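Residue numbers (this note's numbering), protein chains in the order written: chain E, 377 to 595; chain R, 377 to 595. Virtual Cβ for every residue (Gly too), placed ideally from N, Cα, C. Every value quoted in this text rests on a predicted model; they were computed, and no experiment measured them. Shown next, in structure tokens, is the structure this report addresses.
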DNA sequence: TATCAATACGAACGATCGTACGTTGAATAT
DNA sequence: ATATTCAACGTACGATCGTTCGTATTGATA
């Protein structure tokens, strides 16, 4: 099962190059969209030849798919994993932690153009294809995990006022994205506090304790 | 004050051409984005020469700004004006009507790529310039009208549980956009019912009567 | 050693892009 | 009647795009 401990030096070099190029690609795509990505611009940004980058990713769609996969990892490392490490499984604290971590992720501009997926999903909303499928997969994973966490919190009796986990997940995701969009468009911080207030009051209405929702304020 | 009744035939012809080209431009932009607009593609779609279209709009940015202005009119005619015509000013019915009309506007695919502004605002979120300014202006107008309607409903005592009109406007707009995005990405109708349920329960929690919110269900 | 595979490059391709120029024809103004 | 204005066109420009090809280089394999 274990891979050979000795790694092919050529593949390792290629992976390193891909990683480096994708670093530029993620910021570029979050501000200009996945269509704004081009081999030429990435070549300028990463001090590598245009054809070298084309070789690494095969095609433009290959580059876009690699960017989506890389963004997925950044998102997981920035939002999901920290919450998994600091909150108990099966509790409401995890749900609230996820919402708070998402706000922080957007607010800190982990991607310079705000949430990578908010930008790119809107771009490929109405364009079927492999890229759309990958984006939908990423969104399904995130909302699925959110729904799952809500369901477990319901099972432990921490959300007595709720009867539909997906419904709450829909509401949370919508409010989070609204904060991201408005903060970007207006260059303000206020939307994050609006979102935090909305979610705080919603959680409290569903039976959460006031101090449990305080984490939504943190940056 | 009145314009001369005799209209310049040349200008009239140009306006007619602009109108016709913009018809194609709006659908194109709602699916492919304002960057996806190009003189060449519009020329193919509208049976007109590329340079003729370039003359009509001056530059690509001019075309994009004209598209935003045209979309604004379509939005006003599809959402705001019908509600103004059928609901009393100053009442909660107008607020609920606006939300319901927005859901219908997105659901009916007045623009083939869903809400024009949801698509293009995400595209120009992180790109300052005249186009972003125009989009922000359109969004300000919509949310301003929504907030204003909420404020008047509050003043008439129909939302006893609410203390901040902008807060509710933020929530409503976020839920509406979430429904639009998810319906487009998944090709489903369900998100609209989720949004309607969310808003219905929210309005009722704020003191609205159950049958006042039933309009959110209509298509 | 020789063979193969993968990265990386330069160069070139056809296509499309945004823009500019000059011209034509029709409508208006003088 | 002449001049002017504007829509509309054909053409051409430089730039950028995605992709392909041939080649050199490096590392793994036989």
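Residues of the segment 479-495 of chain R with a Cβ closer than 9 Å to any Cβ of chain E, in chain order: 488, 489, 490, 494, 495. Taking C-beta atoms as the reference points, residue 418 of chain R and residue 496 of chain R fail to come closer than 9 Å.
Interface annotation, residue 526 of chain E: not in contact with chain R, CB-CB separation never under 9 Å. Taking CB atoms only, residue 440 of chain R has no neighbour in chain E less than 9 Å away.
Where residue 574 of chain E is concerned, the enclosing alpha helix (DSSP H) starts and stops at 566-581. Residue 594 of chain E carries a coil assignment under DSSP once its states are collapsed to helix, strand and coil. Shown here for residue 429 of chain R: same chain residues with a beta carbon closer than 8 Å to its own, the five before and five after excluded, namely 397, 415, 418, 419, 422, 439 in chain order. Residues of chain E whose Cβ lies closer than 9 Å to the Cβ of residue 551 of chain R are, in chain order, 546, 547, 550, 551, 554. Rounded to whole angstroms, the gap between the alpha carbons of residue 463 of chain R and residue 570 of chain R is 24 Å. Pairing residue 502 of chain E with residue 490 of chain R gives a Cβ-Cβ distance under 9 Å. Less than 9 Å divides the Cβ of residue 465 of chain E from the Cβ of residue 528 of chain E. Taking the beta carbon of residue 405 of chain R as reference, no residue of chain E falls within 9 Å; the closest one sits roughly 11 Å away.
Between residue 572 of chain E and residue 544 of chain E a beta carbon distance of about 16 Å is seen, past the 8 Å cut, so the two are scored as non-contacting. When R/442, R/391, R/435 are compared, the shortest CA-CA separation from residue 401 of chain R is found for R/442. Between residue 407 of chain R and residue 480 of chain R, the gap from beta carbon to beta carbon reaches 9 Å or more. Straight-line measurement puts the Cα of residue 530 of chain R at about 12 Å from the Cα of residue 469 of chain R. Counting the other CB atoms within 10 Å of its CB gives residue 476 of chain E a total of 16 or more, which places it among the buried residues. Taken through DSSP and simplified to helix, strand or coil, residue 534 of chain R comes out as coil.
Chain R has a Cβ within less than 9 Å of the Cβ of residue 567 of chain E. When 9 Å is used as the limit between beta carbons, residue 409 of chain E is near these residues of chain R: 409, 411, 498, 499, in chain order. Interface criterion met: the Cβ of residue 570 of chain R is under 9 Å from a Cβ in chain E. Scanning chain E for C-beta atoms nearer than 8 Å to the C-beta of residue 512 of chain R yields 561, 562, reported in chain order.
Of all alpha-carbon atoms in R/566, R/590, R/521, R/565, the one lying nearest the alpha-carbon of residue 576 of chain R is that of R/590.
Flagged as an interface residue toward chain E: residue 574 of chain R, by a C-beta distance shorter than 9 Å.
Apart from the 5 residues on each side of it in sequence, residue 519 of chain R sits with its Cβ closer than 7 Å to the Cβ of 545, 549 in its chain, given in chain order. Around the Cβ of residue 558 of chain E, a 10 Å sphere holds 16 or more other Cβ atoms; the residue is buried.
Listed in chain order, the non-local C-beta contacts of residue 467 of chain E below 7 Å within the same chain comprise 529, 532, 534, local neighbours out to five positions each way being set aside.
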